[in-house]
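*Asks:*
Protein chains: 2
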Amino acid sequence: MAQKIARIQDVARAAGVSTATVSRALSNPELLTEATRQTVFAAIRSTGYRVNRAARNLRTQQAGAILVLVPNLGNPFFSQILAGISAAFGSRDYSVLIADTKDHTTGGKHVVDYFLDAQIDGMICLDGAISPEELQLFEDNGVSGKIVFACEWAHDVALPSVRSDNVRGAQLAVRHLYDLGHRKIAHITGPQENVLTHARREGMMAERTRLELPAREEWIIRGDFSLDSGRKAGEQILAMNDRPTAVFCCSDQVAFGLMSTLTSNGLRVPEDISVVGFDDIELSEFYVPALTTVRQDRRELGARAVSLLLDCIDASQSSQTFATEPVIVDVDLVVRASAAAPNW
Amino acid sequence: MAQKIARIQDVARAAGVSTATVSRALSNPELLTEATRQTVFAAIRSTGYRVNRAARNLRTQQAGAILVLVPNLGNPFFSQILAGISAAFGSRDYSVLIADTKDHTTGGKHVVDYFLDAQIDGMICLDGAISPEELQLFEDNGVSGKIVFACEWAHDVALPSVRSDNVRGAQLAVRHLYDLGHRKIAHITGPQENVLTHARREGMMAERTRLELPAREEWIIRGDFSLDSGRKAGEQILAMNDRPTAVFCCSDQVAFGLMSTLTSNGLRVPEDISVVGFDDIELSEFYVPALTTVRQDRRELGARAVSLLLDCIDASQSSQTFATEPVIVDVDLVVRASAAAPNW
DNA sequence: GTGCTATATGTAATCGATTACATTTCATCA
DNA sequence: TGATGAAATGTAATCGATTACATATAGCAC
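Which chain is which? The protein sequence lines are H and D, in order.
Quick note, the first sequence lines up with residues 67 to 410 if you use the working numbering.
Quick note, the second sequence lines up with residues 67 to 410 if you use the working numbering.
1. Just checking: is the beta-carbon of H/Gly256 within a distance shorter than 9 angstroms of some beta-carbon in chain D?
2. Indicate whether at least one CB of chain H lies closer than 9 angstroms to the CB of D/Leu375.
3. Between which two residues does the beta strand (DSSP E) carrying D/Val136 extend?
4. Check distances from the C-beta atoms of the region 327–349 of chain H to those of chain D and list, in chain order, the residues that come in under 7 angstroms.
5. I'd like to check one pair, D/Ser326 with H/Phe143: are the Cβ atoms closer than 9 angstroms?
6. Going by Cα to Cα distance, which pick from H/Ser145, H/Phe181, H/Ser152, H/Gly130 is closest to D/Arg116?
7. Step through the CB atoms of chain H and report whether any lies within less than 9 angstroms of the CB of D/Gln185.
8. With C-beta atoms as the reference, is D/Gly343 less than 9 angstroms away from D/Val354?
9. Should the region 213–231 of chain D be called in touch with the region 393–405 of chain D, which here means at least 3 C-beta pairs below 8 angstroms?
10. When every heavy atom of the ligand HEM is checked, does at least one fall within less than 8 angstroms of the C-beta of H/Pro95?
11. Are the beta-carbon atoms belonging to D/Pro408 and D/Thr275 less than 9 angstroms from one another?
12. In the DSSP assignment, the alpha helix (DSSP H) including H/Gly362 goes from what residue to what residue?
13. Hey, does D/Ser197 have any beta-carbon neighbour from chain H nearer than 9 angstroms?
14. Going by CA-CA distance only, name the one from H/Arg365, H/Ala195, H/Gly332, H/His253 that's closest to H/Thr167.
15. Please name the residue or residues paired with D/Leu163 in a DSSP beta bridge.
16. Since H/Ser230 is in the beta strand (DSSP E), which residue starts that stretch and which ends it?
17. DSSP state of D/Asp398, grouped into three classes?
18. Does any CB atom of chain H fall closer than 9 angstroms to the CB of D/Asn289?
19. At the 9 angstroms Cβ level, is D/Met67 part of the contact set with chain H, yes or no?
20. Rank D/Val372, D/Gln104, D/Ser93 by C-alpha distance to the C-alpha of D/Arg122 and give the top, closest one.
21. Indicate the three-state DSSP secondary structure (helix, strand or coil) for D/Ala406 in the structure shown.
22. Can you list, in chain order, the residues of its chain with a C-beta nearer than 7 angstroms to that of D/Ser210? Leave out the 5 residues immediately preceding and following it.
23. Answer with yes or no whether the minimum CB distance from H/Tyr180 to chain D is below 9 angstroms.
24. Which partner residues does H/Asp345 have in the DSSP bridge list?
25. Apply the 10 Å Cβ neighbour rule to D/Arg119 and answer buried if 16 or more other Cβ atoms are within range, or exposed otherwise.
26. What does a CB cutoff of less than 7 angstroms around D/Ser29 pick up in its chain, not counting 5 residues either side in sequence?
27. Report the neighbours of D/Val162 on chain H: residues whose CB is nearer than 9 angstroms to its CB, in chain order.
28. Between the Cα of D/Thr387 and the Cα atoms of D/Ile213, D/Ser292, D/Arg364, which residue gives the shortest distance?
29. Using C-beta distances below 6 angstroms, list every residue in its chain close to D/Arg266, excluding the 5 sequence neighbours before and after it, in chain order.
30. With DSSP collapsed to three states, give me the class of H/His253.
31. For the region 139–161 of chain D, list every residue whose C-beta sits within 7 angstroms of some C-beta in chain H, in sequence order.
32. Fully enclosed by the region 73–101 of chain H, which alpha helix (DSSP H) runs are 4 residues long or longer?
33. Counting only beta-carbon separations shorter than 9 angstroms, does H/Phe388 have a partner in chain D?
34. Whose C-beta lies closer than 7 angstroms to the C-beta of H/Glu259 among residues of the same chain, with five residues either side of it excluded?
35. Using 10 angstroms around the beta-carbon of H/Thr384, count the other beta-carbons present and answer buried if the total reaches 16, otherwise exposed.
36. What residue range does the alpha helix (DSSP H) around D/Gly188 cover?
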C-alpha cells in the first residue's frame, strides 16, 4: 500500500517547529541552531519526507529541468553526447528532458512550448537546423538567453555555443592523408545548410589549397552524415573516371556507409582507397578496417555545454547579458587502419 | 524583453468570465456554450496564455512526465529504443525524462526519488539489473504499479514488461546456421545475471540439442553485450584447438567486436567462420561483411511499452490490479553476408 | 405563472512549499 | 537592571490552476 506521503507540515509537527523552519533546514541550514537543525533532520528522516517539486517549482517560478533537443536519437554520436550531458548534470538538482526535433516539427508542438509551459529552465540544442521562425519565437518570448548550442550551432545567430574545432579537425585529416602520400583527396560533406558541413568543408578545402593539391569539382560529394549517404557517395566514386585515392568523410557513419559500398564492389580499404572519418564513435575502433578518424571529445562537449547553460541561466536571472563567444573544444586525429599510403 | 506571462486570471478577465470557465474550456470544452467557448479561446489566443505546468501538477497531484531508465545511453540499441519511446509519446501530454542507471547508482540518488519527489507519473525501465533493494523501495513506496520493463525485465518479479521473443530469436539464428551446414556452433553470451543472456542462451542450447549438434563447454563464451567483450571472445576462439565454424552472438555489438578481432588475425568472415548477431542495429547493414542478425522491432517495442505504461498508470489511479503477462514482440532473422556455408 | 430539471457559470478552498515580515529569544553592555 | 541589536523562529500571503459546491439561467410541463 502507498502510505500517505509526508508534507512539510507533517515534518514541522513532528519536529515541533514551523514549516518555515523546515524549509530553511533544507535550503539555508546555516540559519538554524545546531539543535533545531538536528531535530528537523531527524523529523525528516522519520517521516520519510520528500519535497514536492511541483509545489516548489510553482512557488519559486522554476522548473528544475532542462531540455536537450536532439536531431536524431538513433544516431550514436548524438546519444553519446547526450550521455555526456546527462553525466555532467550528475548530482545537480536538474532533470534532463529530451526531445527529438523530428517529432516536434511534425507534431505541431513547438519547442518554445516547453519554456512557455514553465516546464524547463533552459535548453541545450544539438541541432543547428532550427528554423528562423522558431528562433524568432524564442526571441519574442524572451527565452533566448536560456539556450546554448552544442556541437552544432545556429548560423548567423549570436547564441552561446560549445563546439569542436571543426576546421582544425578537417585540416588534421587532410594533412594526415597528405603525409601518407595522397594527393587526390575527395570529401563527402554533410547536408548543404548545415554549419558543420560548412566548417569541415572549408577546413578541408583550405588545407588542400595550402598543400597545393589538385581540386576537382566532383571530389566534393554532397552527403548528410548518414550511413546511407555514405553508401550513395561510394557509388558516385566508383563511377568516376579520375578516382580520388583517399576520401575524408564528414562523419564516421558516412565513412562506414562508404567503406561498405567500396568493399562490396571489390575495392579494398586502405589498399585501394583510404578513408578518414569524423567523430570517433565507439564503433570506429571495431570496424573492419578500424577507422582512422577525427576524435570529438564528447564528454568534454557535454560538460562544457552544461556549465555554459548553467551560467546562462544564472545570468538571465540577474538579467545580465551573457558573452556569446563560442567555446571551442580541441580535436585529435586517431590513426587506425583505414588510411594508408596510396597504392600507385 | 520577456513580457509578463499571462495567467488564467488574465484570460478570465479578458474574456469576462471566471477562472473556472477558462479552466473548463481547456479540460472539458463540451461543458461550455459554443459562444463562451469561442470567447474564451479568443482570449487565450490574444493573451498568449499557457497553462503553468507546476501549478496544474500541484493541484492535480500528477507530474506530467515519465522517466526512461537506460543502462547505457551510448549504446545505439538503447538509444534507438529510446527514440521509439519518445516517438510513441508523440503528441501525448507527457514529457520524457531520461536517466542513465550508471549515474544514479553512483550518485547516491535512487530512481525511486523521482517518484517520491512527485516528478514522474511512471517509468519505463530498460535495465533488468535493478537491485532487489531498489525493487523493495518501489514496493514499499507503492510505486511498483507504475513501472514497466521494456526489452529487459527483472528476474523473479511480476512487473509488466514488453520484450522480444528472445528464445525464438536464438532458435532462428541457430537454425539458420544449421541450414547453411554448420554443426559446430559457439555462442557469446551477455553478462551472467542478465535475463536476456539467459533467454538467448537457453534458446540457443535447446535448438542445438534438438538438432543434435555437438556441444562443447568452451563454445559458450561469456561476454557482456559490449564491443570489447566481442573482441575478447574472438581472442578465446582463436586460441581454441577445436574451433567452431559459426558463432551466434548475443548482440550486434559483440558480433562487431568479434569480427574485428577475427579479421585482424587473418580469419575471413564468413569464409572461415560465420557470425550471427542479435538486435539489427542500423549499422549492421553497413558492416563489412553486412551482418546476418536477429531483428528486434524497436519501434514496436517502444510503442508497446508506452501504451502498457499508460494502461498501468490508469489502473493504478483507479487502484485496480493490472495483468502482468509479458507482452512478446516477434523477431525476424535478417539474412545478410556474415554467415555462409562452412568451408570444409 | 409556478415548479421542476438540466445546463451553464461563478465562488472560493485547495494542492505544498517558500519567504517577506513579524515576533521572540538571547547575549552584551552601559 | 534594562536597553539594544542580532540571531532564531513563527505567521501568513503567495505562486497558478483545478474543482466541489453554490448559484444563476433556460427550457419545459402543467
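Think of the CB as a built atom: it goes at the ideal place given N, C-alpha and C, for glycine as much as any other residue.
From a predicted model like this one, the values you see are computed outputs, not experimental measurements.
*Replies:* According to the structure shown:
1. no
2. no
3. 131–136 is the extent of the beta strand (DSSP E) around D/Val136.
4. Thr329, Glu348, Leu349
5. no
6. Nearest C-alpha to D/Arg116: H/Phe181.
7. yes
8. No, Cβ-Cβ distance for D/Gly343 and D/Val354 is not below 9 angstroms.
9. yes
10. With respect to small molecules bound, the structure shown includes none, and the ligand HEM cannot be examined in it.
11. With respect to the 9 angstroms criterion, D/Pro408 and D/Thr275 are not classified as neighbours on the basis of their beta carbons.
12. Here residue 362 of chain H turns out to be Gln, not Gly, going by the sequence shown. Unbroken run through H/Gln362 is the beta strand (DSSP E), 358–362; no alpha helix (DSSP H).
13. Taking 9 angstroms as the CB threshold, D/Ser197 stays off the interface with chain H.
14. H/Ala195
15. H/Leu163, D/Leu133
16. 227–230
17. strand
18. Reading off the sequence, residue 289 of chain D comes out as Gly, not Asn. No, its Cβ sits nowhere closer than 9 angstroms to a Cβ of chain H.
19. Only weak support exists for where D/Met67 lies, its pLDDT of 38 falling under 50; the value from the coordinates is given anyway. Yes, D/Met67 lies at the interface with chain H (some Cβ there is under 9 angstroms from its Cβ).
20. D/Ser93
21. coil
22. Phe204, Leu225
23. Yes, contact with chain D.
24. H/Arg361
25. For D/Arg119, the number of other beta carbons within 10 angstroms of its own is at least 16, and it is reported as buried.
26. Not covered by the structure: residue 29 of chain D. The range shown for chain D is 67 to 410.
27. Leu163, Ile164, Ala165
28. D/Ile213
29. Asn232, Ala236, Cys316
30. strand
31. Of all residues in the region 139–161 of chain D, Leu139, Gly140, Pro142, Ser145, Gln146, Leu148, Ala149, Ser152, Ala153, Gly156, Ser157, Ser161 have a Cβ within less than 7 angstroms of some Cβ in chain H.
32. 74–81, 85–93
33. no
34. Once the five neighbours on either side are set aside, the close Cβ partners of H/Glu259 are Ala195.
35. Position check: residue 384 of chain H holds Ser in this sequence, whereas Thr was assumed. By the neighbour-count definition (other C-beta atoms within 10 Å, threshold 16), H/Ser384 is an exposed residue.
36. Segment 188–191 is the beta strand (DSSP E) holding D/Gly188; no alpha helix (DSSP H) there.
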